[in-house]
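Residue numbers (my numbering), protein chains in the order written: chain A, 406 to 748; chain B, 406 to 748; chain C, 406 to 748; chain D, 406 to 748.
Data block below; observations after.
4 protein chains.
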Amino acid sequence: MISFNCDYMEGAHPLILERLAQINTQKISGYGLDEYCMRAKEKIRAACRRPQADVQFLVGGTQTNTIAIDAMLRHNEGVIAATSGHINVHEAGAIEACGHKVMAVPATLGKIDIDALENLLAASTAEFDAVGWEHYVVPRAVYASFPTEYGTLYTLEELRRLRSICDRYHLYLYVDGARMGYGLAAAEDVDLPQLAQLADVFYLGGTKMGALFGEAVVVCNPNISLSRGLIKQRGALLAKGWLLGVQFDILMTDGLYWELGRNAVRQAMKMRKTLVAKGWASYIDSPTNQQFFVIPNESVNRLKTQVGFDIIEAADANHTVVRLCTSWATTSAQIEELIDAIG
Amino acid sequence: MISFNCDYMEGAHPLILERLAQINTQKISGYGLDEYCMRAKEKIRAACRRPQADVQFLVGGTQTNTIAIDAMLRHNEGVIAATSGHINVHEAGAIEACGHKVMAVPATLGKIDIDALENLLAASTAEFDAVGWEHYVVPRAVYASFPTEYGTLYTLEELRRLRSICDRYHLYLYVDGARMGYGLAAAEDVDLPQLAQLADVFYLGGTKMGALFGEAVVVCNPNISLSRGLIKQRGALLAKGWLLGVQFDILMTDGLYWELGRNAVRQAMKMRKTLVAKGWASYIDSPTNQQFFVIPNESVNRLKTQVGFDIIEAADANHTVVRLCTSWATTSAQIEELIDAIG
Amino acid sequence: MISFNCDYMEGAHPLILERLAQINTQKISGYGLDEYCMRAKEKIRAACRRPQADVQFLVGGTQTNTIAIDAMLRHNEGVIAATSGHINVHEAGAIEACGHKVMAVPATLGKIDIDALENLLAASTAEFDAVGWEHYVVPRAVYASFPTEYGTLYTLEELRRLRSICDRYHLYLYVDGARMGYGLAAAEDVDLPQLAQLADVFYLGGTKMGALFGEAVVVCNPNISLSRGLIKQRGALLAKGWLLGVQFDILMTDGLYWELGRNAVRQAMKMRKTLVAKGWASYIDSPTNQQFFVIPNESVNRLKTQVGFDIIEAADANHTVVRLCTSWATTSAQIEELIDAIG
Amino acid sequence: MISFNCDYMEGAHPLILERLAQINTQKISGYGLDEYCMRAKEKIRAACRRPQADVQFLVGGTQTNTIAIDAMLRHNEGVIAATSGHINVHEAGAIEACGHKVMAVPATLGKIDIDALENLLAASTAEFDAVGWEHYVVPRAVYASFPTEYGTLYTLEELRRLRSICDRYHLYLYVDGARMGYGLAAAEDVDLPQLAQLADVFYLGGTKMGALFGEAVVVCNPNISLSRGLIKQRGALLAKGWLLGVQFDILMTDGLYWELGRNAVRQAMKMRKTLVAKGWASYIDSPTNQQFFVIPNESVNRLKTQVGFDIIEAADANHTVVRLCTSWATTSAQIEELIDAIG
């Protein structure tokens, strides 16, 4: 059965497995201090046009969000996120386990409602001034995902507005890039150097983008220290750190990361076209690899015998919201099979 | 100038200062293991009709909420509170600093919207079942304040509904009783034994109720261990713990605690009557010692030269929401002075 | 029965109780922003000759140590203490509960063995350089108590050596002054301004020095932020903060704090003379208010029917190490009674 | 240049890479709920003869130690470890970052000095009883590594003594098995079922034993909940959890894990024999894959141009302690090359 449940069901791009096999018996020094990591970091810095950025490789998304955000906050400081933000919903309270509040603001289609954010900051600053800042969690960072958990994208203008609000209120801007390759492949007006210029810290996801696992955190703001000691203390300093370096070295070579992103988006658009043609309503207009549709229940029941996908929630008595994802590995043949199944 | 800003501006009931002076040179053993503490605990257990309850004395409200809630939670468990709940807004992220998420639910007049709570729990349980509980913060306790931060009170029926929801979803019910004496003095159908039967843990506030400082936590559910080791570790085990025992011993003798509560409520009702007679709108119908009114700005400006009170927020261009509090120490003369000032 | 078990068994100096009674019905604003606190802070800064120092009032010793040390450390940084240091032994892991390791170094008579400290730092720095700092807890502060848990005192030269080591290894020097008044009363060559010049942060204890409770933290190093937000978050921002201000205001007026210290030391020296004259061996040569002696078991058994004191440990089959403490409140009559009891 | 620096320098056993390549395009569900993980867990339970044990796969050693120990402790409880234990020295304070003290006891050749442990527990229990348990960190678990950081092994009798002490003092016994395969290959009288019967929790290391990465925690004591929620919260729930299942499935098939262990030990014994024959002194008599020798400095300097190894410390002015490790991947040819280099 073909499956479109999520974008981390396959292994790794064949070039990665090939390279791992090639160097399997090489003896490589540990903890990410090897030449593969050095080379991959250099390529990432170049792609971002941030020659001074600090790049660190971590294993997974929750780990990355937690460590990066913890590096930015102190004591009674918190991080603002959309109510639907991954750190607010799906990370089992990892940020709170580091001692920090996630301050939820309203979201539209997964994106922070920027007007609401601005109003909240103005109101809370006034309240803090009146009552005393020491009674409150003081916001110190904004978490935004690109693309969001619903596949949507901030426009360049929206990112610039976020940046400007962050500057005004002394907040760091952190961008969760678990699916960054899909986001930038679909973005109309944002590219990596722009994003790297606007964010204080962000990451390029590997797990969902052709690696077995791994995320590359890019610390653009030199005032933020995402130290190796913090990484180690959180159990996130991989002994064979070169596994991460090797993977990102390959992904960052000859534009592979971006090509993988484009493939997923291309296949998603084909999928989307079919679903729309079938007369099913798009739940959210996502330009990226995650597609959300509202499908009649009988169609859901028939389809799920042939195709894997995720049930999100009941839309009404007769319809269900579902998610179908493509990935870097999705083939045209798989999309054809889906089209046939939809009928 | 008379002041109605809050209910913790005075020292202590004279009987307390008198007793402290009497025993000042007695040598009393430390850390709350003295006879004053023993006696006060016994009186509290008797007043609650919970002879088996564990009673612990702590110094302040944020400390008490934090330690009590931390005692109830484990790893990725969280506590539900009204959006306006003290732990969600005014405690500088103390719960999060212990590693736990405060899960905000909508509130009406300071009280948890019980329907919203029920819907949230039903929905999130379904979502957790579908996606996997390990990805979420699992609610494990409900925080309710009695009276609330807006002076309002849950009815007995509402408390019973909360209890029943807690039972259904395996949640502890924790009641913040910083102003418990004012709440029970005003409550129409809730008394202390009922509250002690419904809550797993609650506290009887002293700081705002005639003590110099101090809160008495009552742990009714024997499965919850609010250990002295936890208290010590959090810097909350007072060396001269007998200071707390002496104060609660006096407050719990001859119904003093309840009399102090009734005084504040009586004076608040006189104040309320005057404000209403003046034609000012009540912002919230509070039966307890905190009164919230919407007052024309020119009246605010005039009044504040004679009377201390708290500005809450602008109601509209011409009106302001203010808070006036009575306390255990408020005298009829002070209320007369306020009435004169209002004119 | 007279008692010499510890130095926090009495209430407060009568002047404090008197003042509290005087202002009991005054309405004073909360959270330590009142004039009493302001005045007390000013007096402390003057006594320390540190006009720029930040002074904060907290409730108890463990709370103070924990918050002050947490303010100095980040992520994988730790604090060095003598094996017998209070934070290493008697605070229920409060520092660890904030996420930081207490790094124990050998101690002699309660004092850090400075040679051992120096060797440890040299060796560990070399090891960290070789293996990588990220694998270790990096020492960032030294905790020293003055006087120590055994009543002993660092000399000025020893404090200077500690300071110089701290400078060399980029460590903060934190001095636990729970009994500072007794220490400075007994010190041959250290005074408060000197101590305030050498330490980055220290505190003047009140609980054991004539206050009902309370400790005054003095932050001399402006790079350390012991913020009110941190204090609040840890449940340590007293609602009636003026209780602390009033007490320290009195203690810091007309040299009362120092006079109380001298009284305890004077009485302790009388006690000591008697014990020595009796032929009992001093366990530790303490010049301060805590005296440790090795006493024949039969004498222990006889004495304890008349006098309260603490059993520390068995010295050998026939002798016991005991502790007898004087305090700010110890009277000559009590010492006479002790002398009679010793016989 | 051949390298014997450590045992995590190679990739994975070829069978693992082969299998990963085979299933690379299969779509496998996430978070360790797949059939590979199920199968690997079953094999581990069978090998341990603990059909009811809970098995969880994690990514690395520090992460595993931290999460397993955190699952065992509450508030002011701590874990006892040898001074040289990995959690006490080389994990950047990861246990403390979870709020718990590592309580160091003296060690001999990396092993807990069991007499010292017993004395410490007896003494501290007496002290806690006298002063009050709430002032202390209460030991609740013992951490022992098998083999230790110095390659040594507890005998069955020693493990039984540890177990019996743990039973007497209500402690959990946790065994760090980062190199378990090497330990059991070398052990004279301990096998896996025995170890699984004595420990409450332990892990079978994969990272150093033929896997790319991964550790398998075995929770034998059903009272300990090492929940998936805790794992997720700590950023340790691998999205492609099947990567761990596949690797342990292969390692646990046809005794591969044990064969890899025996190879490393066999090669280490050849190495050892050569070093001894050369006249160099063994620093520690290790029967496992880590060999520590004291070598004349001129030999160190000569050797290090041809062979990689770790410098541990200066033994004296003319000698250096070095470590040479074999691994699952060490070949006889590599050992021959080493022998030639030693000359």
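C-beta atoms are modelled at their ideal positions from N, C-alpha and C, and glycine is treated no differently.
Note that the structure is predicted; figures quoted are calculated from it, not measured.
The CB of B/Leu-642 comes closer than 9 Å to the CB of Glu-539 and His-540 in chain D, given here in chain order.
Under the three-state reduction of DSSP output, A/Ala-445 falls in the helix class.
Looking at the DSSP output, D/Ile-716 bridges to D/Val-727. Rounded to the nearest angstrom, the gap between the Cα atoms of B/Gln-431 and C/Ala-673 is 19 Å. At least 8 Å separates the beta-carbon of D/Lys-516 from that of D/Tyr-577.
Annotation: A/Thr-658 to B/Ile-570 spans about 56 Å, alpha carbon to alpha carbon. Separation of the CB atoms of B/Leu-564 and B/Met-585 is rounded to 13 Å, and the pair is thereby denied contact status at 8 Å. Against chain D, a Cβ distance below 7 Å from C/Asn-481 picks out Ala-497 and Gly-498.
Where B/Asp-581 is concerned, the enclosing beta strand (DSSP E) starts and stops at 577-581.
Close partners of A/His-505 in chain B (Cβ separation under 9 Å): Gly-498, Glu-501 and Ala-502. Cβ-Cβ distances below 8 Å link D/Ala-746 to Ile-407, Leu-708, Gln-711 and Val-712 in the same chain, with the five nearest sequence neighbours on each side left out; the list follows chain order. If you compare the alpha carbons of B/Thr-530, B/Leu-603, B/Leu-522 and B/Glu-539 with that of B/Glu-562, the shortest gap goes to B/Leu-603. Remark: C-beta atoms of C/Val-580 and C/Val-460 do not approach each other more closely than 8 Å.
With respect to C/Leu-522, C/Ile-485 sits close: the two C-beta atoms are nearer than 8 Å. Per DSSP, B/Leu-463 is one residue of the beta strand (DSSP E) stretching across 459-463. At a cut-off of 8 Å between C-beta atoms, A/Gly-646 does not count as an interface residue with respect to chain C. Below the 9 Å Cβ cutoff, chain C contributes Gly-435, Ala-644 and Lys-645 as neighbours of B/Tyr-413, in chain order. Around C/Leu-422, the beta-carbon contacts reaching into chain B at under 9 Å are Leu-422, Leu-425, Ala-426 and Asn-429.
In the displayed model, D/Phe-533 falls within a helix according to three-state DSSP. Around C/Pro-544, the same chain offers Glu-482, Gly-483, Val-484, Ile-485, Met-508, Leu-526, Ser-529, Tyr-574 and Leu-576 as residues with beta carbons nearer than 8 Å, after the five sequence neighbours per side are excluded.
Secondary structure of B/Ser-408 (DSSP, three-state): strand.
For B/Val-464, the nearest beta carbon of chain C is closer than 8 Å to its own beta carbon.
Here A/Gln-468 is buried, its C-beta having at least 16 other C-beta atoms within 10 Å. When secondary structure is reduced to three states using DSSP, A/Lys-645 falls in the coil class, being assigned neither helix nor strand.
Within chain A, the C-beta atoms nearer than 8 Å to that of C/Leu-635 come from His-480 and Asn-481, in chain order. The residue from C/Met-477, C/Ala-719 and C/Val-705 with its alpha-carbon nearest to that of C/Asn-628 is C/Met-477. If you draw a straight line from the Cα of C/Tyr-548 to the Cα of C/Ala-592, it is about 19 Å long. Taking a 10 Å sphere around the C-beta of D/Val-681, we find fewer than 16 other C-beta atoms and assign the residue as exposed. Counting C-beta atoms within 10 angstroms of its own C-beta, B/Arg-454 has fewer than 16 neighbours from the protein chains shown and is therefore classed as exposed. Listed as beta-bridge partners of C/Tyr-548 by DSSP are C/Ala-486 and C/Tyr-579. With a cutoff of 8 Å on beta-carbon distance, A/Ile-474 and A/His-495 are scored as not near each other.
Within the model, the alpha-carbon separation for C/Ala-686 versus C/Val-699 is close to 5 Å. Take B/Ile-740, set aside five residues on each side of it, and the residues of its chain with a beta-carbon closer than 7 Å to its own are Gln-672, Lys-675 and Met-676, in chain order. In this structure, DSSP gives B/Gln-695 an extended state, which the three-state scheme calls strand.
In this structure B/Ile-636 does not touch B/Leu-438 by the C-beta definition: roughly 13 Å separates them, more than the 8 Å allowed.
At a cut-off of 8 Å between C-beta atoms, B/Phe-607 does not count as an interface residue with respect to chain C.
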